[in-house]
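Shown next, in structure tokens, is the structure this report addresses.
Number of protein chains: 2
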Amino acid sequence: MDGRSPVTLEEVARRAGVSPSTVSRILNGTARVRESKRQAVERAIADLGYHPNVIARGLARGRSMSVGVITQDIASPFYNETLKGIEDSLAGPGYAPLFVSGHWNEAKEAECMALLVARRVDGVIVLTGMIDDATLLGYALRLPLVITGRNLRGPNLVSIQLDNEQAAFDATWHLIELGHTRIAHIAGPESNVDAQERLAGYRRALTEARLPVDERLIVIGDFHEASGLLALNQLLETRLHFTALFAANDQMAYGARLALYRKGIRVPEDVSLIGFDDLPSSLYTTPPLTTVRQSAYDLGKVAGEAMLQLISGQAVSVPALPLRVIVRESTMLRRG
Amino acid sequence: MDGRSPVTLEEVARRAGVSPSTVSRILNGTARVRESKRQAVERAIADLGYHPNVIARGLARGRSMSVGVITQDIASPFYNETLKGIEDSLAGPGYAPLFVSGHWNEAKEAECMALLVARRVDGVIVLTGMIDDATLLGYALRLPLVITGRNLRGPNLVSIQLDNEQAAFDATWHLIELGHTRIAHIAGPESNVDAQERLAGYRRALTEARLPVDERLIVIGDFHEASGLLALNQLLETRLHFTALFAANDQMAYGARLALYRKGIRVPEDVSLIGFDDLPSSLYTTPPLTTVRQSAYDLGKVAGEAMLQLISGQAVSVPALPLRVIVRESTMLRRG
DNA sequence: GACGCTTTTGACAGCGATTTCGAGCTGATG
DNA sequence: CATCAGCTCGAAATCGCTGTCAAAAGCGTC
Numbered sequence: 002m003d004g005r006s007p008v009t010l011e012e013v014a015r016r017a018g019v020s021p022s023t024v025s026r027i028l029n030g031t032a033r034v035r036e037s038k039r040q041a042v043e044r045a046i047a048d049l050g051y052h053p054n055v056i057a058r059g060l061a062r063g064r065s066m067s068v069g070v071i072t073q074d075i076a077s078p079f080y081n082e083t084l085k086g087i088e089d090s091l092a093g094p095g096y097a098p099l100f101v102s103g104h105w106n107e108a109k110e111a112e113c114m115a116l117l118v119a120r121r122v123d124g125v126i127v128l129t130g131m132i133d134d135a136t137l138l139g140y141a142l143r144l145p146l147v148i149t150g151r152n153l154r155g156p157n158l159v160s161i162q163l164d165n166e167q168a169a170f171d172a173t174w175h176l177i178e179l180g181h182t183r184i185a186h187i188a189g190p191e192s193n194v195d196a197q198e199r200l201a202g203y204r205r206a207l208t209e210a211r212l213p214v215d216e217r218l219i220v221i222g223d224f225h226e227a228s229g230l231l232a233l234n235q236l237l238e239t240r241l242h243f244t245a246l247f248a249a250n251d252q253m254a255y256g257a258r259l260a261l262y263r264k265g266i267r268v269p270e271d272v273s274l275i276g277f278d279d280l281p282s283s284l285y286t287t288p289p290l291t292t293v294r295q296s297a298y299d300l301g302k303v304a305g306e307a308m309l310q311l312i313s314g315q316a317v318s319v320p321a322l323p324l325r326v327i328v329r330e331s332t333m334l335r336r337g
Numbered sequence: 002m003d004g005r006s007p008v009t010l011e012e013v014a015r016r017a018g019v020s021p022s023t024v025s026r027i028l029n030g031t032a033r034v035r036e037s038k039r040q041a042v043e044r045a046i047a048d049l050g051y052h053p054n055v056i057a058r059g060l061a062r063g064r065s066m067s068v069g070v071i072t073q074d075i076a077s078p079f080y081n082e083t084l085k086g087i088e089d090s091l092a093g094p095g096y097a098p099l100f101v102s103g104h105w106n107e108a109k110e111a112e113c114m115a116l117l118v119a120r121r122v123d124g125v126i127v128l129t130g131m132i133d134d135a136t137l138l139g140y141a142l143r144l145p146l147v148i149t150g151r152n153l154r155g156p157n158l159v160s161i162q163l164d165n166e167q168a169a170f171d172a173t174w175h176l177i178e179l180g181h182t183r184i185a186h187i188a189g190p191e192s193n194v195d196a197q198e199r200l201a202g203y204r205r206a207l208t209e210a211r212l213p214v215d216e217r218l219i220v221i222g223d224f225h226e227a228s229g230l231l232a233l234n235q236l237l238e239t240r241l242h243f244t245a246l247f248a249a250n251d252q253m254a255y256g257a258r259l260a261l262y263r264k265g266i267r268v269p270e271d272v273s274l275i276g277f278d279d280l281p282s283s284l285y286t287t288p289p290l291t292t293v294r295q296s297a298y299d300l301g302k303v304a305g306e307a308m309l310q311l312i313s314g315q316a317v318s319v320p321a322l323p324l325r326v327i328v329r330e331s332t333m334l335r336r337g
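Below you can see the structure in the form of structure tokens.
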């Protein structure tokens, strides 16, 4: 069944007694073929255990049937869900994703892009990259681009964005509704658009509730756990009073939660904690984390589908991605 | 700088006033070339912003410069570290990984394999697959294979394994040294080799310490958080006494930890908890989890390197992967 | 049975590289 | 000055498949 060296289309043709073109036509459904020949070819394919060479096909057609995905950290719990979504949506039509990580580094990201271009991917999905908009628009001239977390419009380019600002507003509002008035915020890197929007939402919620925004209660992290821990310690050192904390992502919330644990500050009794992302593991922290669900998986799925539409030249329609607060056990009514 | 349509080798040749062959030779360092021409070509490459077409090269050389990676779940926190390791080790020599997930499903895995073969990957790395050994050996006849978590030897195949049994022994022993005598175990699926070995190590430690092995203290999970939670509840229902718990992986330990939290059982004061894997987030659970570090990243790196050696026909040398207990705060001396 | 149309089919030219083969140069040797 | 070995470098075949084009085959009609 499994031949030693790869079977080629030509061998199939010979065995079926037809020309290579005919085999190709049958494989791709490009044209009508007499039923008898179709069967002969199909039998030959089965007998020989033939699998078309995707490389050769890619070369001939000028399409590689693969799309590049630039992620910041292939090992990040958030992006992995997204990658899975991308993989699933692409698999159907026979496309395969090529994942590369940019490591939050603009130069590295450019390298990745070059790598993908060299591999002649049919499109690139960029998950919140650091590349500047202009460069990105330049790339879009040459291949379809789908990008998340950025507000860009252009031909051959679709950007998928979530309403981070509103979601952050909702998260903060949830705390306010619970009676909290002194709410701290651990923000993401200032250069990050998502982080900016979340911070803005936090601010707006306080303002709309006529609560003062105390800048000293805003600490900046880098979206990793360690920075959440650090941020919380910084916050504690100021000796400012606060009864609730909104972290710009779950990973930083984890870090903050550990810092609180270390100090003997209870969650949620002493401090209510809310995160952002709803990572799978947030369901299993102690206590389970209240957070904003942004379905990373759906994000990937939508990105993949948009890419397919872009490639096939269809009009792209990006469905709205719901974003909502998932109340679990790390937040509670303010005491006293 | 960025031409509209891709620059080809031929255009470079024309611009540099040499033949395509020469350009190719310079690109690959295949043969000596007069210095003056080399410079002319290099300038032409720079001027045109030429990037070799990896697809075409793959066709011509019969190598695709990519290696397939079959993982069970692209979104699993453990495997992602591994994927990163693989990516890093492959990147140097210009290879790119192609990730596909088998979803713990043998049929799906076979499909993935077919996909990879069709894409003419130069080798496949299988991260603890479900495919049976015989099939695997069959594949190894056609392309280099690196597989983890299995004990197979063969030409064109290297299997990388960790001493799970010993590590599980060490983990259990750590608990015994702390004075625990009633130690429960949440095992992984019975069909999984890693799970079997860890269970064996647990048994051996108890036996060597002359402690009875109480089968009722062994509950089986599926390596996911939810099953850890379930397992612990089952354990609690038996009303059997235990002061320590060894979970076959960190994810199940997280689930168990939550179940304990729900029942008001403190970790580590009432029950010491130890996991296995040392996922990045284990550093941030409350309390930080004592666990067995198996560097998923290194595993990937080693797998990638072994693959490169296999491809280039070198003798493969697989360095030993250290596995050791990382003591953090979820285990403590047995009280009273 | 010839004629005009439509459907099938095969030959062949690419796609963008690599690689083999041998021609042209160079310099050294007799 | 002729001869030969050693370098460089170009022409052309090749990798496996697609897609165009025109020939061949099939079919209905008169």
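Quick note, the sequences are listed as chains A and B, same order.
If you read the first sequence in our numbering, its first letter stands for residue 2, the second for the next number, and so on.
If you read the second sequence in our numbering, its first letter stands for residue 2, the second for the next number, and so on.
Every residue, glycine too, gets a C-beta built ideally from N, C-alpha and C.
These numbers were taken from a predicted model, which means no experiment stands behind them.
Do you know offhand how far residue i's Cα is from residue j's?
i                 : j                 : result
Ile46 of chain B  : Val13 of chain B  : 6 angstroms
Asp3 of chain B   : Glu112 of chain A : For Asp3 of chain B, the predicted model reports a pLDDT of 43, less than 50, meaning its position is unreliable; a value from the coordinates is still stated below. Rounded to whole angstroms, Asp3 of chain B to Glu112 of chain A spans 14 angstroms at the Cα level.
Phe79 of chain A  : Tyr285 of chain A : 15 angstroms
Glu226 of chain A : Ser77 of chain A  : 11 angstroms
Pro98 of chain B  : Ser313 of chain B : 16 angstroms
Phe38 of chain B  : Ala32 of chain B  : As written in the sequence, residue 38 of chain B is Lys, which differs from the Phe given in the question. Approximately 13 angstroms between the Cα atoms of the pair.
Gly124 of chain A : His186 of chain A : 37 angstroms
Val303 of chain B : Val317 of chain B : 11 angstroms
Gly265 of chain B : Ile266 of chain A : 17 angstroms
Asp195 of chain B : Gly150 of chain B : 6 angstroms
Thr173 of chain A : Lys85 of chain A  : 30 angstroms
Val319 of chain B : Glu82 of chain B  : 19 angstroms
Ser25 of chain A  : Leu10 of chain A  : 8 angstroms
Leu231 of chain A : Phe224 of chain A : 12 angstroms
Asp134 of chain A : Asn152 of chain A : 9 angstroms
Leu309 of chain B : Asp215 of chain A : 55 angstroms
Ile87 of chain A  : Ala307 of chain A : 10 angstroms
Ile132 of chain A : Arg263 of chain A : 38 angstroms
Val268 of chain A : Arg240 of chain B : 29 angstroms
Look at residue i and residue j and say whether their C-beta atoms are less than 8 angstroms apart.
i                 : j                 : result
Thr287 of chain A : Thr287 of chain B : yes
Leu128 of chain A : Ala141 of chain A : no
Val326 of chain A : His181 of chain A : no
Arg329 of chain A : Leu290 of chain A : yes
Arg121 of chain A : Asn54 of chain B  : yes
Leu177 of chain A : Val147 of chain A : It should be noted that the sequence gives Ile, not Leu, for residue 177 of chain A. Not closer than 8 angstroms, so no.
Leu334 of chain B : Leu179 of chain B : yes
Gly305 of chain A : Leu137 of chain A : no
Assuming residue i and residue j make a contact with CB atoms under 8 angstroms, what is their CB distance in whole Å?
i                 : j                 : result
Leu300 of chain A : Ile161 of chain A : 7 angstroms
Gly50 of chain A  : Val19 of chain A  : The Cβ separation is near 18 angstroms, so there is no contact.
Ile56 of chain B  : Ser65 of chain A  : 6 angstroms
Gly381 of chain B : Gly103 of chain B : Lying outside 2 to 337, the shown extent of chain B, residue 381 of chain B is not represented and no answer is given.
Leu200 of chain A : Leu233 of chain A : With 8 angstroms as the limit, Leu200 of chain A and Leu233 of chain A do not qualify as a contact, their Cβ atoms being about 17 angstroms apart.
**the region 248-266 of chain A touching the region 276-283 of chain A, judged by at least three CB pairs closer than 8 angstroms** = Flag = yes, the region 248-266 of chain A and the region 276-283 of chain A touch.
**Request:** Taking only beta carbons into account, state which residues of the region 45-67 of chain A come closer than 7 angstroms to chain B, listed in chain order.
**Result:** Correct list: His52, Pro53, Asn54, Val55, Ile56, Ala57, Gly59, Leu60, Ser65.
**Asked** Pairing CB atoms from the region 206-214 of chain A with CB atoms from the region 46-60 of chain A, are three or more of them under 8 angstroms?
**Response** No, they do not touch.
**Interfacial residues, the region 257-291 of chain A to chain B, with Cβ spacing under 8 angstroms** = Listed in sequence order: Arg258, Leu259, Tyr262, Pro281, Ser282, Leu284, Tyr285, Thr286, Thr287, Pro288, Pro289.
**Asked** Three or more beta-carbon pairs under 8 angstroms between the region 162-182 of chain B and the region 90-109 of chain B, yes or no?
**Response** Flag = no, the region 162-182 of chain B and the region 90-109 of chain B do not touch.
**Asked** When Cβ atoms are compared, which residues of the region 105-137 of chain B fall closer than 8 angstroms to chain A?
**Response** Within the region 105-137 of chain B, contact with chain A at the beta-carbon level (separation under 8 angstroms) is assigned to Ala115, Leu116, Val118, Ala119, Arg120, Arg121.
**Request:** Indicate whether the contact test is met: 3 or more Cβ pairs, each with one atom in the region 63-73 of chain A and one in the region 112-127 of chain A, closer than 8 angstroms.
**Result:** The region 63-73 of chain A is in contact with the region 112-127 of chain A.
**Item:** Members of the region 70-92 of chain A near chain B, C-beta cut-off 7 angstroms
**Value:** If the cut-off is 7 angstroms between Cβ atoms, the region 70-92 of chain A has Ile75, Ala76, Pro78, Asn81, Glu82, Leu84, Lys85, Glu88 near chain B.
**Asked** In the region 220-243 of chain A, which residues sit with their C-beta less than 7 angstroms from some C-beta in chain B, listed in chain order?
**Response** Cβ contacts with chain B: Glu226.
**Asked** Of all the residues that make up the region 151-169 of chain A, which are near chain B by a beta-carbon distance shorter than 9 angstroms?
**Response** The region 151-169 of chain A vs chain B, Cβ under 9 angstroms: nothing.
**Item:** Inter-stretch contact at 8 angstroms, needing at least 3 Cβ pairs: the region 214-221 of chain A / the region 171-187 of chain A
**Value:** A contact exists between the region 214-221 of chain A and the region 171-187 of chain A.
**Message:** Under 8 angstroms: do the region 256-263 of chain A and the region 294-301 of chain A share three or more Cβ pairs, one atom per stretch?
**Reply:** No contact exists between the region 256-263 of chain A and the region 294-301 of chain A.
**Item:** Interface residues of the region 177-191 of chain B facing chain A [CB-CB below 8 angstroms]
**Value:** Result list empty, no residue passes.
**Message:** Tell me which residues of the region 295-322 of chain B have at least one Cβ-Cβ distance to chain A shorter than 7 angstroms, keeping chain order.
**Reply:** Within the region 295-322 of chain B, no residue qualifies.
**Asked** Closer than 8 angstroms, Cβ to any Cβ of chain A: which residues of the region 7-34 of chain B, in chain order?
**Response** Against chain A - using a Cβ distance shorter than 8 angstroms - the residues of the region 7-34 of chain B are Pro7.
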